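Residue numbers (the UniProt record's numbering): 1 to 231. Glycine included, every Cβ here is placed at the ideal spot set by N, Cα and C. This one's a predicted model, so the numbers in the text were calculated from it and none came from an experiment. Report on one structure; see the data block that follows.
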Amino acid sequence: MQRLPLPEPLQRDVQVHLLTLDLQAPLAEADWQLLDDGERRRAQAFWCHADRLRFAATRAALRRLLAHACGRDPRSLCFEAGPHGKPQLQGAGVATPAFNVAHAGRHALVALGHVDCLGVDIECCDAVADWTELAPQLLSPRERLQDPVARPTLPATWAAKEAVLKAMGLGIGEHLGACSVPAVPAHAAPYELELPPHWPALSVWPLPVPHGHVAALAASPSFPLMLQDAA
Numbered sequence: 001m002q003r004l005p006l007p008e009p010l011q012r013d014v015q016v017h018l019l020t021l022d023l024q025a026p027l028a029e030a031d032w033q034l035l036d037d038g039e040r041r042r043a044q045a046f047w048c049h050a051d052r053l054r055f056a057a058t059r060a061a062l063r064r065l066l067a068h069a070c071g072r073d074p075r076s077l078c079f080e081a082g083p084h085g086k087p088q089l090q091g092a093g094v095a096t097p098a099f100n101v102a103h104a105g106r107h108a109l110v111a112l113g114h115v116d117c118l119g120v121d122i123e124c125c126d127a128v129a130d131w132t133e134l135a136p137q138l139l140s141p142r143e144r145l146q147d148p149v150a151r152p153t154l155p156a157t158w159a160a161k162e163a164v165l166k167a168m169g170l171g172i173g174e175h176l177g178a179c180s181v182p183a184v185p186a187h188a189a190p191y192e193l194e195l196p197p198h199w200p201a202l203s204v205w206p207l208p209v210p211h212g213h214v215a216a217l218a219a220s221p222s223f224p225l226m227l228q229d230a231a
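As structure tokens, then:
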């Protein structure tokens, strides 16, 4: 597990950890033992071994990181559905970090932060995938009017928007076209975003992930707390 370097405005309050997975390997017994009965049932429900391993490994990593941040045993953590069904810790208080996970291919991200809203997404820039088929669902009316040459790549646009919607706990399908990403950010700069006026203030940043992938982190203003460094 590798902690990703983040831009200075995020460093105090947010951590993002990258997992690189061997999808052909058996499920790690140490990961399996950390999961509760519900998580094991969810893992076993996946027909594909790679999907089972992705879920189990990512959930186990989340438990380890949250337990370290909260000073608890990873096996003692219990999750529940929060507003809009977004997972949260049972009995979560102000001192409990927000969290979010994402995975694509062999890579997974686990984000923790003392912020009001937190979302993360990673996408494969697979040349085989026909991203253009997703454009009608993904693009806002303003984005459809842009010159395709000047428009951000569709995987980057998707990652930025999904990070925003995951931070808010909103459904992907019905809200992707509600916000606009008019430009690709420069290195270590936030995305330009146009959000509906009733949505909370969020900043969205690209993440340094392996070649062939794009990723984004969305976060709201922070609590006045310092997130303890994870081991």
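Return the chain-ordered list of same chain residues with a C-beta closer than 6 Å to the C-beta of residue i, the five sequence neighbours on each side being excluded.
{"i": "G82", "result": "Q88"}
{"i": "Q90", "result": "C78 and E80"}
{"i": "F46", "result": "R52"}
{"i": "A57", "result": "L21 and D31"}
Based on Cα-Cα distance, which residue from the options lies nearest to residue i?
{"i": "R106", "options": "P7, D51 and A43", "result": "D51"}
{"i": "H103", "options": "V204, F79 and A61", "result": "A61"}
{"i": "A167", "options": "Y191, D121 and Q15", "result": "D121"}
{"i": "P210", "options": "L10, L118, L18 and P141", "result": "L18"}
{"i": "A25", "options": "H49, R41 and R12", "result": "H49"}
{"i": "G85", "options": "L165, H114, D147 and E29", "result": "L165"}
{"i": "C179", "options": "L27, L10, E162 and A189", "result": "E162"}
{"i": "Q137", "options": "G171, C117 and G119", "result": "G171"}
{"i": "F99", "options": "W205, Q15, L207 and A160", "result": "Q15"}
{"i": "L27", "options": "F55, A215 and A189", "result": "F55"}
{"i": "G119", "options": "L207, L23, S140 and R12", "result": "L207"}
When DSSP labels each residue in this structure, what does residue i get in the three-state scheme?
{"i": "Q11", "result": "helix"}
{"i": "L227", "result": "Here L227 scores only 48 on pLDDT, less than 50, and its place in the model should not be relied on; the value that follows carries that caveat. L227 falls in the coil class under three-state DSSP."}
{"i": "A28", "result": "coil"}
{"i": "Q2", "result": "strand"}
{"i": "T58", "result": "helix"}
{"i": "C117", "result": "coil"}
{"i": "C70", "result": "helix"}
{"i": "Q88", "result": "strand"}
{"i": "A111", "result": "strand"}
{"i": "A50", "result": "helix"}
{"i": "A95", "result": "coil"}
{"i": "L217", "result": "strand"}
{"i": "L65", "result": "helix"}
{"i": "L18", "result": "strand"}
With 16 other CB atoms within 10 Å as the buried threshold, where does residue i fall?
{"i": "L109", "result": "buried"}
{"i": "M226", "result": "Because M226 carries a pLDDT of 43, less than 50, the predicted location of this residue cannot be relied on, and the following value inherits that uncertainty. With fewer than 16 other Cβ atoms within 10 Å, it is exposed."}
{"i": "W158", "result": "buried"}
{"i": "Q2", "result": "exposed"}
{"i": "P5", "result": "exposed"}
{"i": "P196", "result": "exposed"}
{"i": "L65", "result": "buried"}
{"i": "E29", "result": "exposed"}
{"i": "D37", "result": "exposed"}
{"i": "G113", "result": "buried"}
{"i": "A43", "result": "buried"}
{"i": "L145", "result": "exposed"}
{"i": "E143", "result": "buried"}
{"i": "R63", "result": "buried"}
{"i": "D126", "result": "exposed"}
To which residues of the same chain is residue i closer than 7 Å at the C-beta, ignoring the five residues directly before and after it?
{"i": "R75", "result": "L34"}
{"i": "R59", "result": "L35 and E39"}
{"i": "C70", "result": "T96"}
Starting from the C-beta of residue i, find all residues in its chain whose C-beta is less than 8 Å away, skip the five residues before and the five after it, and write them out in chain order.
{"i": "C124", "result": "A104, G105, P155, G212 and H213"}
{"i": "P200", "result": "D116, C117, M168 and S220"}
{"i": "E192", "result": "V181, P182, A183 and P185"}
Next item on the list: Can you check the stretch 131–210 for any beta strand (DSSP E) of at least 3 residues that lies completely inside it and give the ranges in chain order?
Entry: 203–206
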